[in-house]
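Enquirer: Input: one structure, supplied below.
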Amino acid sequence: MYSHILSIILFTPLVGAILLLFVPKENKGAIRWIANIFALGGFLISLPLVPWFWDLRFQPGFKFIEGSANNWIPSIGAGYVLGIDGISFLLIMLTTLLGWISILSSWTAIENRVKEYYIWFLVLQTGMLGVFMALDFFLFFVFWEAMLVPMYLLIGIWGGPRKLYAAIKFFLYTLAGSVLMLLGILFLYFHHQHVTSIYTFSIPELYKTAPQIYSDYGPTAATLLFLSFFFAFAIKVPMFPFHTWLPDAHVEAPTAGSVILAGVLLKMGTYGFIRFSLPFFPDVLTHTKVRFWVMALSIIAILYGALVSLMQKDMKKLVAYSSVSHLGFCTLGIFALSPLGLTGSVLQQVNHGISTGALFLIVGILYERRHTREIAEYGGISNVMPIYAAITMIMFLSSMGLPLLNGFVGEFTILQGTFMEREIAGHPGWFWAAWAVPGVILAAAYLLWLYQRVFFGQVTNPKNEKLHDLTPREVLTFAPLIIMAFWIGLYPKPFFQILEQPVNQLVQNMRPDYGKPPGTMNAAVPSSPPAPVALAATAADSTRASQKGKN
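According to my numbering, the sequence shown is numbered sequentially starting from 19.
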């Protein structure tokens, strides 16, 4: 099992989907039980990965590698190769957890075409896991595209009144980005063959030759190639101005679809930036103009998403626009190109999956009972649903970044990693951090105002007087998310340790002179920094030591 743990985790949901094909569609109870067992099984099977990875967390490179290059389609150099580092490890664990919670939350929400629903959801789960595990670009692209069809069907069949419009819009946006990325992959593939005389889609091998494109073909060609990947990932995040598909997709998707879309699918874009854009195009991304625009788009997403959230009358649309704002923080941390910024970004991606996934579950529970998401339809809900109100408050505080909860650790680390940079795209780091800070304040504004309107006061609408509180099954869907929110908020050290090695390696490859010149952020680190800063300082010291050894 140790040698093939990634394949076992990857294909467990697919086995469940295949098994469901043989269950009569009239037997809805059996279909639900089988789907939930395989979803929970996928999560339980991934748990041994935690102690195994923990023992290897400081080792460089990818772990648990399976397969070899060229062993799948030798004629084109494509192979079935899986492997993970600290970044993909956290996202895989998030995917298996949210996949189980999403399927569990669908028990009473889906009544029509139940068999197809669970089959497509399990297929989607396999596609998402494959994206985070693939170390072959051809295999990665197969999984990347394989996610499109299940999500399109989940929105288009089981969605709301405008489901077809939302599904087609989601499909076209994502497909447009994928086509551009495919062109970029092919360019890297043939460039690698030109340099080494070997045809391969191996991602570790392409890491070695892709940065040479800047010198081989010039900055213009390298920038165009960077943009081919940037558009694909920016649409998936989504970054401003590519975000317009997201509110429609979220609002029309079933509750479980929204949870998995916000919790995992949006992370494909940020993961793509970290895994491909940064190591493939270091010279492009460190260019002042390029870095200015990506930082500016991140700031615009933070502020725009938060301001539009304040104006929403539909709860689900409010949460959807809040995702645009929160993912803006993630891209800000990525393009700060510092150990703290990148660490905070990955941690905030996990936090966003936990918090926003819970917010969509919260909205879905009210929608199941009342079949409306209009904020004006509610008021005084805490009087009739006290357990629900308490859980909602915890997850709202988590999403807005209250200290002692997970959102605070991620946002604080991103802002600190940005603030402590001496210069980013011609401006001091504090300039970018200062522009991002209002996003934190606005998050508190729109979430607390929403809570006040929905939960406080008297029950003014007679339709709300008979609402029943959470069932044990519904409480179970929230329990793991609440535990994770407090764990990351109170004791984030293990997560920083898991991310330390891959993040430091990435920064070292991007900026070989990082931390060397006098007056950089490391010179300003206080003698007793808080835990995240201490980790970054340690990381910078190890980077300097390795650089001296090389010199």
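Think of the CB as a built atom: it goes at the ideal place given N, C-alpha and C, for glycine as much as any other residue.
Considering only their Cβ atoms, is the gap separating G281 from G375 smaller than 8 Å?
Expert: Going by C-beta atoms, G375 is nearer than 8 Å to G281.
Enquirer: Apart from the five residues on each side of it in sequence, which residues of its chain come closer than 8 Å, Cβ to Cβ, to L508?
Expert: Around L508: L422.
Enquirer: Checking 8 Å against the spacing of the C-beta atoms, do L345 and G351 come in under that value?
Expert: Against a cut-off of 8 Å, the Cβ pair of G351 and L345 comes out as no contact.
Enquirer: Could you spell out where the beta strand (DSSP E) holding F294 opens and where it closes?
Expert: Here F294 belongs to no beta strand (DSSP E), and DSSP marks it neither H nor E.
Enquirer: For a test of the three-state rule: what should DSSP assign to D301, helix, strand or coil?
Expert: D301 falls in the helix class under three-state DSSP.
Enquirer: Where does S545 fall in DSSP's three states?
Expert: Because the pLDDT at S545 is just 33, under 50, the model does not fix this residue reliably, and the value given afterwards should be weighed accordingly. Here S545 sits in coil by DSSP.
Enquirer: Is the Cβ-Cβ distance between K285 and Q367 less than 8 Å?
Expert: Cβ distance < 8 Å, so K285 and Q367 count as in contact.
Enquirer: So for K331, helix, strand or coil by DSSP?
Expert: Residue state, collapsed to three classes: coil.
Enquirer: In whole angstroms, what separates the C-alpha of A274 from that of L142?
Expert: The straight-line gap from Cα to Cα measures roughly 12 Å.
Enquirer: In chain order, what residues of the same chain lie with their CB nearer than 8 Å to the CB of M413, ignoring the 5 residues before and after it?
Expert: Within the same chain, M413 has close Cβ partners S373, A376, L377, I380, F496, L499, I500 and A503.
Enquirer: Around the C-beta of N45, are 16 or more other C-beta atoms found within 10 angstroms, so that it is buried, or is it exposed?
Expert: The residue is exposed, with fewer than 16 neighbouring Cβ atoms inside 10 Å.
Enquirer: State yes or no: is the C-beta of F56 within less than 8 Å of the C-beta of P31?
Expert: Yes, the Cβ-Cβ distance between F56 and P31 is below 8 Å.
Enquirer: Taking DSSP's pairing of strands, which residues face K81 in a bridge?
Expert: Looking at the DSSP assignment, K81 forms a beta bridge with I102.
Enquirer: Indicate, with yes or no, if the ligand SAM has a heavy atom lying under 7 Å from the CB of E270.
Expert: With respect to the ligand SAM, the structure shown offers nothing to examine, as it has no ligands at all.
Enquirer: Taking 6 Å as the limit between beta carbons, can you name the residues of its chain near L517, skipping five residues before and five after?
Expert: Cβ neighbours of L517 beyond the five flanking positions: G104, T361 and V364.
Enquirer: DSSP on E129, reduced to helix/strand/coil?
Expert: If DSSP states are grouped into helix, strand and coil, E129 belongs with coil.
Enquirer: Quick one: residues in its chain with C-beta nearer than 6 Å to the C-beta of T538, no 5 flanking neighbours on either side, listed in chain order?
Expert: Bear in mind that a pLDDT of 42 at T538, under 50, signals an unreliable position, so the model cannot answer this.
Enquirer: Counting only runs that start and end within the segment 240-279, where is the alpha helix (DSSP H) found for 4 or more residues in a row?
Expert: Qualifying alpha helix (DSSP H) stretches, in chain order: 263-270 and 273-278.
Enquirer: Going by DSSP, what residue range makes up the alpha helix (DSSP H) through N424?
Expert: That run of the alpha helix (DSSP H) goes N424 to F437.
Enquirer: Given S120, which residues of its chain have a CB within under 6 Å of its CB, disregarding the five upstream and five downstream residues?
Expert: Contacts found: A274, V277 and I278.
Enquirer: What residue does the alpha helix (DSSP H) around N89 start on, and which one ends it?
Expert: From DSSP, N89 is part of no alpha helix (DSSP H); its letter is neither H nor E.
Enquirer: Reducing DSSP to helix, strand and coil, say where E44 ends up.
Expert: DSSP places E44 in coil when its eight states are reduced to three.
Enquirer: Beta-carbon within less than 7 Å of L527's beta-carbon, same chain only, minus the 5 sequence neighbours each way: which residues are those?
Expert: Here the sequence assigns Asn to residue 527, which means Leu is not the residue at that position. These residues qualify, in order along the chain: P297 and P300.
Enquirer: Compare the Cα-Cα distances from H486 to each of A250, L201, Y532 and I399 and report the closest residue.
Expert: Out of A250, L201, Y532 and I399, I399 has the C-alpha closest to the C-alpha of H486.
Enquirer: Going by DSSP in three states, S220 sits in which element: helix, strand or coil?
Expert: Of the three classes helix, strand and coil, the one that applies to S220 here is strand, per DSSP.
Enquirer: Is the distance from the Cβ of L140 to the Cβ of G47 below 8 Å?
Expert: Contact flag unset, no.
Enquirer: Can you check which of these residues, L466, R75, P272 and A338, is closest to Q386 by C-alpha distance?
Expert: Strictly speaking, residue 386 in this sequence is Glu, with Gln absent from that position. Checking every option, the nearest Cα to that of E386 belongs to P272.
Enquirer: From A462, K331, I317 and W311, pick the residue whose C-alpha is nearest to that of I432; which is it?
Expert: When each option's Cα is compared against that of I432, the closest is I317.
Enquirer: Are F291 and A454 closer than 8 Å when you measure CB to CB?
Expert: Their beta carbons are not under 8 Å apart, which means F291 does not touch A454 by this criterion.
Enquirer: Would you call the segment 175-186 and the segment 127-138 in contact, with 3 or more CB pairs under 8 Å?
Expert: In short, these stretches touch, since the Cβ pair count reaches three.
Enquirer: Please report the distance separating the alpha-carbon of G397 from that of A164.
Expert: Between G397 and A164, the C-alpha separation is close to 42 Å.
Enquirer: Taking F156 as the reference, give the member of P229, W118 and M199 with the closest Cα.
Expert: The shortest Cα separation from F156 among P229, W118 and M199 belongs to M199.
Enquirer: Using the beta-carbon count (16 or more within 10 Å), is R50 buried or exposed?
Expert: R50 comes out buried.
Enquirer: Hey, is the segment 249-265 in contact with the segment 88-103, meaning 3+ C-beta pairs nearer than 8 Å?
Expert: No, the segment 249-265 is not in contact with the segment 88-103.
Enquirer: In terms of residue numbering, what span does the alpha helix (DSSP H) encompassing D73 cover?
Expert: Element bounds for D73: L67 to D73.
Enquirer: Could you pull the start and end residues of the alpha helix (DSSP H) that P168 belongs to?
Expert: L166 to W176 is the extent of the alpha helix (DSSP H) around P168.
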